[in-house]
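Engineer: Numbered continuously in the UniProt record's numbering, the sequence shown closes out at residue 70. Every residue gets a Cβ at the ideal spot worked out from N, C-alpha and C, and that includes glycine. This one's a predicted model, so the numbers in the text were calculated from it and none came from an experiment. The structure under discussion is supplied below as structure tokens; questions concerning it will follow.
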Amino acid sequence: MNEEDRQGYRRLYDATAHHIQATEEFARQLHAGPEVAVKSRILNAVNEHLHQLREDADELEQLGWDSGSA
């Protein structure tokens with residue numbers, strides 16, 4: 001993998017990390033909000049989304065900071 005590829009993965013990682021932070025803030029606001037019928041479904045969906053984003057961020061981090069042996 002060349003440096004240009006690693007830079008691309010780093011940019012994607014940065015964008016994903018930013019999205020994770022925004023989604024975590026949304027989850028906190030939603031959790032603190034009033035009880036409504038759909039709240040638990042939305043929280044479940046947000047938590048699943050966060051789990052996937054974190055897995056993707058881990059993969060992007062490994063690709064972006066790879067030693068070049070791949």
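I need the boundaries of the alpha helix (DSSP H) containing Gly33, first residue and last residue.
Structural biologist: Taken as a continuous stretch (DSSP letters only), Gly33 belongs to no alpha helix (DSSP H), as it is neither H nor E.
Engineer: DSSP state of Asn2, grouped into three classes?
Structural biologist: coil
Engineer: Can you give the beta carbon distance from Ala57 to Tyr9, rounded, assuming they're within the 8 Å contact cut?
Structural biologist: No, Ala57 and Tyr9 are not in contact; Cβ-Cβ is about 11 Å, not under 8 Å.
Engineer: Excluding the 5 residues flanking Ala27 on each side, which residues of the same chain have their C-beta closer than 8 Å to its C-beta?
Structural biologist: Around Ala27, the same chain offers Leu43, Val46, Asn47, Leu50 as residues with beta carbons nearer than 8 Å, after the five sequence neighbours per side are excluded.
Engineer: Can you tell me where the alpha helix (DSSP H) with Val46 in it begins and where it stops?
Structural biologist: 39-64
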